[in-house]
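What follows is a set of notes on a single structure, which appears directly below.
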Amino acid sequence: SRLSLPSHPEDLEELQVLQGEVNQLSKRSKELEDENHDLKKRVKAQESEIERLAAKAKESAEETEDGKKAGLKTWKTKVSELAQKHRDEKAGITDEVSRLKRNLQKMDEEKTEIERSAREE
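Read the sequence shown against the numbering used here and you will find it ends at 122, with the numbers running on by one and no gaps.
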């Protein structure tokens, strides 16, 4: 069935009004499609940004964890170095005390020798 133009002028006017409304709705529909497309692009961009930030946060957390481990390792190393330094100093003091005792003993021996020599003369 073919559409035939209305024979009454008021029907023609109403058809033109309806056609205008259809054109407006069609135009608005196109605008909404464009807005929807833009929104989808923005959502996609935000999702990408969120993924990037999440990856960065994860990396930062791993670096922090590695940093903590490295810090703990450094701390353990420093404690170990201090303990070794303490042992070395203690050993050095022990060596020095032994050396002083030997010197004292030598001096005692020399004193005794001098006293004996003096008595003999």
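Even for Gly, the Cβ is constructed at its ideal location relative to N, Cα and C.
Nothing here was measured: the structure is a model prediction, and the numbers come from that model.
- In this model, Ser30 and Lys41 are separated by some 16 Å (Cα to Cα).
- DSSP, reduced to helix, strand and coil, places His87 within a helical segment of the structure shown.
- Residue state for His9 is assigned as coil, using DSSP reduced to three classes.
- The C-alpha of Gln85 lies about 53 Å from the C-alpha of Glu121.
- Annotated three-state conformation of Glu122 is coil, per DSSP.
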